[in-house]
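So the sequences go chain by chain: A and B. Numbering follows UniProt numbering, in which position 125 of the first sequence is assigned residue number 125; successive positions increment by one, without gaps. Numbering follows UniProt numbering, in which position 50 of the second sequence is assigned residue number 50; successive positions increment by one, without gaps. We put the CB at the ideal spot given by N, CA and C, even for glycine. A quick note: this is a predicted structure, and the numbers were derived from the prediction, not measured. Worksheet: the structure to be examined is printed underneath.
There are 2 protein chains.
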Amino acid sequence: MVREVGLRDGLQSIARVLPTAQKIEWVNAAYAAGQREVEVGSFVPARLLPQLADTAEVLAHARTLPGLRASVLVPNLKGAERALECGAHLMVVPLSASHAHSLANLRKTPDEVVAEVARIRAARDAAGSATLIEGGVGTAFGCTLQGEVAESEVLRLMQALLDAGADRVSLADTVGFADPASVQRLFGKARALVGDRLACAHFHDTRGMGLANAYAAWQTGITRFDACLAGIGGCPHAPGASGNVTTEDLEYMLQRMGVATGVDVPALLALRQRVAGWLAGETLYGALWQAGLPRHAQPTLAAAAV
Amino acid sequence: MVREVGLRDGLQSIARVLPTAQKIEWVNAAYAAGQREVEVGSFVPARLLPQLADTAEVLAHARTLPGLRASVLVPNLKGAERALECGAHLMVVPLSASHAHSLANLRKTPDEVVAEVARIRAARDAAGSATLIEGGVGTAFGCTLQGEVAESEVLRLMQALLDAGADRVSLADTVGFADPASVQRLFGKARALVGDRLACAHFHDTRGMGLANAYAAWQTGITRFDACLAGIGGCPHAPGASGNVTTEDLEYMLQRMGVATGVDVPALLALRQRVAGWLAGETLYGALWQAGLPRHAQPTLAAAAV
Chain A
1 MVREVGLRDG
11 LQSIARVLPT
21 AQKIEWVNAA
31 YAAGQREVEV
41 GSFVPARLLP
51 QLADTAEVLA
61 HARTLPGLRA
71 SVLVPNLKGA
81 ERALECGAHL
91 MVVPLSASHA
101 HSLANLRKTP
111 DEVVAEVARI
121 RAARDAAGSA
131 TLIEGGVGTA
141 FGCTLQGEVA
151 ESEVLRLMQA
161 LLDAGADRVS
171 LADTVGFADP
181 ASVQRLFGKA
191 RALVGDRLAC
201 AHFHDTRGMG
211 LANAYAAWQT
221 GITRFDACLA
231 GIGGCPHAPG
241 ASGNVTTEDL
251 EYMLQRMGVA
261 TGVDVPALLA
271 LRQRVAGWLA
281 GETLYGALWQ
291 AGLPRHAQPT
301 LAAAAV
Chain B
1 MVREVGLRDG
11 LQSIARVLPT
21 AQKIEWVNAA
31 YAAGQREVEV
41 GSFVPARLLP
51 QLADTAEVLA
61 HARTLPGLRA
71 SVLVPNLKGA
81 ERALECGAHL
91 MVVPLSASHA
101 HSLANLRKTP
111 DEVVAEVARI
121 RAARDAAGSA
131 TLIEGGVGTA
141 FGCTLQGEVA
151 ESEVLRLMQA
161 LLDAGADRVS
171 LADTVGFADP
181 ASVQRLFGKA
191 RALVGDRLAC
201 AHFHDTRGMG
211 LANAYAAWQT
221 GITRFDACLA
231 GIGGCPHAPG
241 ASGNVTTEDL
251 EYMLQRMGVA
261 TGVDVPALLA
271 LRQRVAGWLA
281 GETLYGALWQ
291 AGLPRHAQPT
301 LAAAAV
């Protein structure tokens, strides 16, 4: 299952602010295409991310669509309180396993984030809310600030998030450092440790390995992935990086592999075209929209092509 | 190990004719970067592929570089005779498992190609030559003309090529129909049948799955891959298709996975830039050249990026 994170991870990396009406149109079309989980935004101060200032409105709309899980990102207790008030179905609390990235990105150490998750859990329980808490362990494969991040530290922080009260965790290759072998190794170890509570994989396609990494994670038993329509997204600390794994390419790969995802890929391609119109001038990614879905054609010429 | 096929599969799909001197510069730089197998061209009539009309000259030069295996494509006995005369180290005889693609592309049925391989083997033996014969089974995952191609037919033809005298075989996803699960299945079955005589995997990146497919093949024990610098290449029967797996991206992935390939990736990226200059105006591909090799950077701003 693919969680559409284009409205959050994608749009936060694009300077222009998409109007709320277009975001709602996007959510509706994603839902109509069969997507059942959308990260609609972040509860962060609007001065930091004006692109996501309307998260509460988009969330309110998403909650009206039966069977759609509306997810938001919350960087701290304050954001979590808003997510609880607004009735998000799931909130992702990001943690950077890279200490340097954590300080640059979240202005907290990873262990301070773990402590914040404990406070978020207490607030959730006090509110009697059903909002799920997902601890998102980012820079799990290294980062541009710190370089290498030890697997043992990633696993320690993942376990600490669960111990602090997160219902589930995900691992993210925030800046595109992962390769399929490291994915298989780390996800394998993580799943051996926490089983299905490791519930999602988040890859970027910075060096073209997004789908290969998704496949490697799939082989360890991961069935849930974050992805962005048109591959938008990125990271302010990875210059020249392309964005997230592309939703339509990942959906297509999973379906070719025989996975019944319930998503209508041609409808996704049509939605991509609309979003591309709204984002005209921005760099978009993806392969499927260029090649199209396979179809039979007529022979045109004879030349040795192997 | 990556065989550079840009000079053959790449250039044959680009209308402009690269001067022989530039091809030789390319071969020299690939060799200097550590590449040890290059497919330098095809022995096909120059009227069909004027881009490859100088194959004999490029081959003659490649043969002067110690330890470099110079490979050529030969569509028939006549081409094979030239390859033998010119002392190619290896000749690839393409066969299309799709009957429709075979007729359109080679004007022969697959079994006629098998019979031709038997004649090529007899010619090789009569000449007392050491030139290896590789049977390249193309459209092994389907094609745009015929649609599906049965795995049993691919395996039958692969075995038939070996029985007819090919020293080794490769499987090619000529038009980008493969996904990692089908790769793992077909390569797994093929290796169970013929072991290491299945010596190479040839993927296109038409729908973004090139590296994922390479990883899946790697997992079945395949260690040799065809790839094109800058991802050039394609197939006349796959409109809108992007090209082959990109050499520099694949090399980088393998090295990140811990494989000691002996290839200097920065040198490949420098070569890519030169080739991109020669091919200015053509559509090139690849992710690594855009993102660059990972490096540490200074923090620039604080924003939640997971």
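Assignment of residue 28 (chain B) by DSSP, reduced to helix, strand and coil, places it in the helix class. For residue 242 (chain B), the closest Cβ of chain A is nearer than 8 Å. For residue 232 (chain B), the closest of B:84, B:75, B:7 and B:46 by C-alpha to C-alpha distance is B:7. Residue 272 (chain B) counts as buried, since at least 16 other C-beta atoms from the protein chains shown sit within 10 angstroms of its C-beta. Residue 230 (chain A) is positioned such that its CB atom lies closer than 8 Å to that of residue 285 (chain A).
The beta carbon of residue 109 (chain A) sits no closer than 8 Å to any beta carbon of chain B.
Residue 260 (chain B) is classed as exposed because its beta carbon has fewer than 16 other beta carbons within 10 Å across all chains shown. Between residue 183 (chain B) and the set B:44, B:169, B:91 and B:140, the nearest pair of CA atoms involves B:140. Within the model, the alpha-carbon separation for residue 249 (chain B) versus residue 82 (chain A) is close to 43 Å. Rounded to whole angstroms, the separation of the alpha carbons of residue 163 (chain A) and residue 54 (chain A) is 32 Å.
Secondary structure remark: continuous alpha helix (DSSP H) runs of at least 4 residues inside the region 8 to 63 of chain A, in chain order: 20 to 32 and 55 to 62. Straight across, the Cα-Cα distance linking residue 52 (chain B) with residue 76 (chain B) is about 16 Å. Fully enclosed beta strand (DSSP E) runs of no fewer than 3 residues occupy 132 to 138 and 168 to 173 of the region 110 to 174 of chain A, in order along the chain. With contacts defined as CB atoms closer than 8 Å, residue 206 (chain A) and residue 295 (chain B) fail to qualify as a contacting pair. The C-alpha of residue 48 (chain A) lies about 13 Å from the C-alpha of residue 74 (chain A). Straight through space, the alpha carbons of residue 119 (chain B) and residue 217 (chain A) are spaced by roughly 46 Å.
Not a single CB atom of chain A sits nearer than 8 Å to the CB of residue 45 (chain B). Taking C-beta atoms under 8 Å as the contact rule, residue 24 (chain A) and residue 58 (chain A) qualify, at a distance of about 6 Å. Taking a 10 Å sphere around the C-beta of residue 234 (chain A), we find 16 or more other C-beta atoms and assign the residue as buried.
Within the region 202 to 216 of chain A, the residues whose Cβ lies closer than 9 Å to any Cβ of chain B are, in chain order, 202, 205, 206, 207, 208, 209, 210, 211, 212, 213, 214, 215 and 216.
With respect to chain B, the C-beta atom of residue 157 (chain A) has no partner C-beta closer than 8 Å. In the three-state scheme derived from DSSP, where H, G and I count as helix and E and B as strand, residue 194 (chain A) is classed as helix. A straight-line Cα-Cα distance of about 7 Å links residue 166 (chain A) and residue 117 (chain A). For residue 95 (chain A), there is no enclosing alpha helix (DSSP H); the enclosing beta strand (DSSP E) has its first and last residue at 90 to 96. Around the Cβ of residue 9 (chain A), a 10 Å sphere holds 16 or more other Cβ atoms; the residue is buried.
In the DSSP assignment, residue 4 (chain B) falls within the beta strand (DSSP E) that extends over 2 to 4. Straight through space, the alpha carbons of residue 101 (chain A) and residue 146 (chain A) are spaced by roughly 7 Å. The C-beta of residue 144 (chain B) comes closer than 8 Å to at least one C-beta of chain A. In terms of CA proximity to residue 245 (chain B), B:288 leads the group B:181, B:188, B:19 and B:288. Using a Cβ distance threshold of 8 Å, residue 252 (chain A) and residue 212 (chain B) do not count as a contacting pair. Under the three-state reduction of DSSP output, residue 265 (chain A) falls in the helix class. In this structure residue 254 (chain B) is buried. Its beta-carbon is surrounded by 16 or more other beta-carbon atoms within 10 angstroms. Residue 4 (chain B) counts as buried, since no fewer than 16 other beta carbons sit within 10 angstroms of its beta carbon. The CB of residue 181 (chain B) comes closer than 7 Å to the CB of 257 and 258 in chain A, given here in chain order.
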